[in-house]
Amino acid sequence: MPKAVAQPPDAALPPPEPEPAPDHLGHRQRLRARFLAGGPEALADYELLELVLFGANPRGDTKPLAKRLLEEFDGDFAEAIAADPERLRRIDGMGEVALVTLKAIQAAAVRLARTRLGARPVIGAWAQLLDYCHSALAREPIEQFRVLFLDRKNVLIADERQNRGTVDHTPVYPREIVKRALELNASALIVVHNHPSGDPTPSQADIAMTREIQRAAAAIGVTLHDHLVIGRAGHASFKSLGLL
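The sequence shown begins at 35 in this note's numbering and counts up one residue at a time.
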């Protein structure tokens, strides 16, 4: 009787087939290709958010988080990017890396808008100034007061935050503004603050505070060119309104 020959284990089994790559990996490649071919206009807002979040989650599916972000902020892409970090942290799936990614995008947008002002007179680059102020302040959840210090040619010397207050009030100290203008040898000022309510209409407190700043600046020969109030839907200019 022939003797059975022992076979090595699994010798007759075919090699295991490789597991298919997750479908979202192919989706990533297609999304990148569409973006490169057609630019941001080729993508819906949630797809652009997906693209932004790729780096925060190299292999996972970022579509659910992108859609949750837009749902949380009523479909507003800019609101999602500029949202308060604490509010973002409460969204399911928002880790620290994703949070930093979104805030870095916001910071880059503000810096780009600031760069467009360049080294030319601010008065001649008013549209760029407004773009910058909107990028920096329109969606801030807390009222913030900034001063733009200008030289004799109205070129920006410094843009400094003087104070940050509550949702509807920021303490402003004209003496500190004037002191800083002297330190910087500034010849003119533009003051800017935001209304987190979204309505840029100046309040009576805004008007009174602006007149104090104007008087204090005039005493040392510094001109207050304007006071801009920034809201989500637009801005108010004290000079255009005849309040300066």
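Backbone N, C-alpha and C fix where the C-beta goes; we use that ideal spot for every residue, glycine too. None of these values were measured; they are calculated from a predicted model.
The C-beta distance from LEU184 to LEU122 rounds to 35 Å, too long to fall under 8 Å, and the pair is not in contact. DSSP places THR257 within a strand segment (E or B) once states are collapsed to three. At a Cβ-Cβ threshold of 8 Å, PRO74 and LEU83 do not count as neighbours. In the DSSP annotation of this structure, the continuous segment of the beta strand (DSSP E) that includes VAL225 starts and ends at 222-228. Assignment of beta-bridge partners to ASN197 by DSSP yields PHE179.
Out of PRO98, LEU278, PRO119 and ARG62, the CA that lies nearest to the CA of MET243 is found in LEU278. DSSP assignment within the region 61-129 yields the following whole alpha helix (DSSP H) runs of 4 residues or more, N-terminal first: 79-87, 97-106, 111-116 and 119-123.
By the C-beta criterion, the region 128-138 is judged to be in contact with the region 84-93, since at least 3 inter-stretch pairs fall below 8 Å. Excluding sequence positions up to five before and after ARG173, its CB lies within less than 7 Å of the CB of ALA112, GLU113, ALA116 and ARG266, all in the same chain and listed in chain order. For SER271, there is no enclosing alpha helix (DSSP H); the residue is found in the beta strand (DSSP E) stretching over 268-271. Close CB contacts of LEU171 within its chain, under the 8 Å cut and outside five residues either way in sequence, are with GLN178, ARG180, VAL226, HIS227, ASN228 and ILE264 (chain order). Taking GLN162 as the centre and dropping the five residues before and after it, the same chain places the C-beta of ARG150 and LEU151 closer than 7 Å to its C-beta, in chain order.
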